[in-house]
Ligand SMILES: Nc1ncnc2c1ncn2[C@@H]1O[C@H](COP(=O)(O)OP(=O)(O)OP(=O)(O)O)[C@@H](O)[C@H]1O
Ligand SMILES: [Mg+2]
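Numbering (our numbering), first residue to last: 724 to 1189.
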């Protein structure tokens, strides 16, 4: 590869020479131009930065700057000015120049400015690359669904991703609500900003407001320093309100005001802050019912549900199961020395007749655990005899047995109990068992139950299990 190329644009040949000497000794190649027009003609030589004189005959520094920005927005430009041109130099910065240096050159300043410009550019390139990767990761590629109902979901994502309408995603636990939210963000016009999520069910009521809107130092006991809230962090991006049905009445009112006026105040402050944020909310509750019951504000419901997306439970789209299984086998194949390539038809039959109360998350966990257990390249009935997801426990009889019990409750299409047990009771017992068997390790219990931690926390509270 050749040397890194810099452009020096100045009508004064002496100035061009000084720049060349200073920069060539540092290993750069410098190409000099007496005017903006010539420099613009050669942009396709791919310089890594441009030194641009402000006052030149012909189109002049300002116009050249604008033209370069139009063609190669990411190219760092350092303006070169005389002492009395400071005002114009500031204007150039507003137009996107990286910085300016004053003639005669201070060598150290010149080099630092160039280093900074190149460093910033490298970071920007990296950010763009990472954004691309995130899009790849969270985009629609890893999002599986061949059933007509899921086709409709994809269509909706594509329709809504580039506008600002608030989206309400509804669906049972584990159906892929967060996946949908991320797909909308990373594929749409807010992708340059951050995807900021807040789990309304997991934050104690008295901290919800400051978590969402931020607070001033000393606003309440424990507020030892000022902090920005999630809304502010999501400026230019997406605010994802997960489990929005769990939001306290007080915060519902605050959120409504924010959605109506697009402005908010940090706790303990009076000035209004305005942000440009797309809002996506998700819930596994029937929010309409909550509205009827009076636990969720009706006006807030309509503000959030400008564009509703309903994700059906897995049992209502069983044709997706084989494709999801293939996807998960591929997703985790790198983790195993023994390649697991397929699922035995008998197992698939079981999968297809099972009701999957934990939806896609439960299916994913089941496939993953079966891959751990599998001794051949095919998942068969034996691979479903479970170790609880942790390969190390396989050797440990009792633990494996216990974990096995959790799994049997969650997945045993063949056992038929003698009498009908009310669902709430089954649910409560299942949860109590899971908590006992994992010694109160909620993340582990949630994982094995195939529900999210926050759902488990909510249910623990509901049944008073701890
Ligand atoms: N259509 C799908 N294709 C591929 N993976 C999926 C799909 N749907 C869900 N998953 C996977 O299932 C798991 C659960 O998805 P997600 O967290 O989005 O569900 P959720 O609806 O937000 O659940 P909860 O209500 O419990 O928070 C994730 O690992 C996700 O990657
Ligand atoms: Mg979720």
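Glycine is no exception: its CB is placed at the ideal position from the N, C-alpha and C atoms.
> Between 913, 893, 970, which lies nearest to residue 930 when the distance is taken from Cα to Cα?
Replying inline: 970
> Three-state secondary structure (DSSP) at residue 822?
Replying inline: DSSP places residue 822 in strand when its eight states are reduced to three.
>> Suppose you measure from the CA of residue 1121 to the CA of residue 1052; what does that come to, to the nearest Å?
In response: Summary for residue 1121: the model assigns pLDDT 32, below 50, so the residue's position carries little reliability; its value from the coordinates is reported in the next sentence. Straight-line Cα distance between these residues: approximately 28 Å.
> In the DSSP assignment, what are the bridge partners of residue 736?
Replying inline: For residue 736, which the question treats as bridged, DSSP gives no partner whatsoever.
>> Does the stretch 938-955 come into contact with the stretch 975-993, if we say contact requires no fewer than three beta-carbon pairs (one atom in each stretch) closer than 8 Å?
In response: yes
> Which partner residues of residue 893 appear in the DSSP bridge assignment?
Replying inline: 1006, 1033
> What's the gap between the Cα of residue 1116 and the Cα of residue 1096?
Replying inline: Low local confidence applies: a pLDDT of 31 at residue 1116 is under 50, so the model's placement there is unreliable, with the coordinate-based value given in what follows. Approximately 11 Å between the Cα atoms of the pair.
>> Below 8 Å, how does it come out for the stretch 1052-1064 and the stretch 1024-1033: are there three or more Cβ pairs, yes or no?
In response: no
> Buried or exposed: where does residue 767 fall if 16 or more other Cβ atoms within 10 Å of its Cβ makes it buried?
Replying inline: Exposed.
>> Is residue 1008 near ligand 2 - that is, is its Cβ less than 6 Å away from at least one heavy atom of it?
In response: no
> Apart from the five residues just before and just after residue 1065, which ones in its own chain have a Cβ nearer than 6 Å to its Cβ?
Replying inline: 1101
> When you compare only the Cα positions, how much space is there between residue 1041 and residue 1162?
Replying inline: 34 Å
> Hey, would you say the C-beta of residue 866 is under 6 Å away from at least one heavy atom of ligand 1?
Replying inline: The answer is yes for residue 866.
>> Between which residues of its own chain and residue 866 is the CB-CB distance below 7 Å, once the five residues before and five after are set aside?
In response: Residues 902, 906 of the same chain have their beta carbon placed closer than 7 Å to that of residue 866, with the five preceding and five following residues left out of the count.
> Rounded to a whole number of angstroms, what is the C-alpha to C-alpha distance between residue 776 and residue 846?
Replying inline: 26 Å
> Can you give the beta carbon distance from residue 1241 to residue 895, rounded, assuming they're within the 8 Å contact cut?
Replying inline: Examination of residue 1241 is not possible in this model, given that the chain is present from 724 through 1189 alone.
> Quick one: Cα of residue 1067 to Cα of residue 1075, how far?
Replying inline: 12 Å
> If you drop the 5 nearest sequence neighbours on each side, which residues of the same chain put their C-beta closer than 7 Å to that of residue 979?
Replying inline: 1020, 1022, 1023, 1026
> Quick one: Cα of residue 924 to Cα of residue 1108, how far?
Replying inline: 34 Å
> Can you give the Cα-Cα distance for residue 838 and residue 807, rounded to whole angstroms?
Replying inline: 25 Å
> Tell me which same chain residues have a C-beta within less than 7 Å of the C-beta of residue 860, skipping the five on either side of it?
Replying inline: none
> Distance, Cα to Cα, residue 784 vs residue 889?
Replying inline: Those two C-alpha atoms are separated by around 44 Å.
>> Does the distance between the C-beta of residue 969 and the nearest non-hydrogen atom of ligand 2 fall short of 6 Å?
In response: no
> Between residue 762 and residue 746, what straight-line distance do the alpha-carbon atoms span, to the nearest angstrom?
Replying inline: Our two residues, residue 762 and residue 746, have alpha carbons roughly 18 Å apart in a direct line.
> Nearest-angstrom Cα distance between residue 1045 and residue 934?
Replying inline: 41 Å
> How far does the beta strand (DSSP E) with residue 919 in it reach, from first residue to last?
Replying inline: 918-922
>> Just checking residue 900 against ligand 2 - is the residue's beta carbon closer than 6 Å to any of the ligand's heavy atoms?
In response: yes
> How big is the Cα-Cα spacing for residue 756 and residue 817?
Replying inline: 24 Å
>> In the DSSP output, which residue or residues are listed as bridge partners for residue 996?
In response: 987
> Just checking my contact of residue 1173 with residue 1085 at CB under 8 Å: how many whole Å lie between their CB atoms?
Replying inline: 3 Å
> Of all the options 952, 919, 914, which has the alpha carbon lying nearest to the alpha carbon of residue 932?
Replying inline: 952
>> Using only CA atoms, which one of 848, 744, 877, 760 lies nearest to residue 862?
In response: 877
>> Quick check on the DSSP output: what are the complete beta strand (DSSP E) runs of length 3 or more inside the stretch 868-893, in order along the chain?
In response: 890-893
>> What would DSSP say about residue 938, mapped onto helix, strand or coil?
In response: strand
> Comparing alpha-carbon positions, which option in 908, 957, 760 lies nearest residue 734?
Replying inline: 760
> DSSP three-state call for residue 967: helix, strand or coil?
Replying inline: helix
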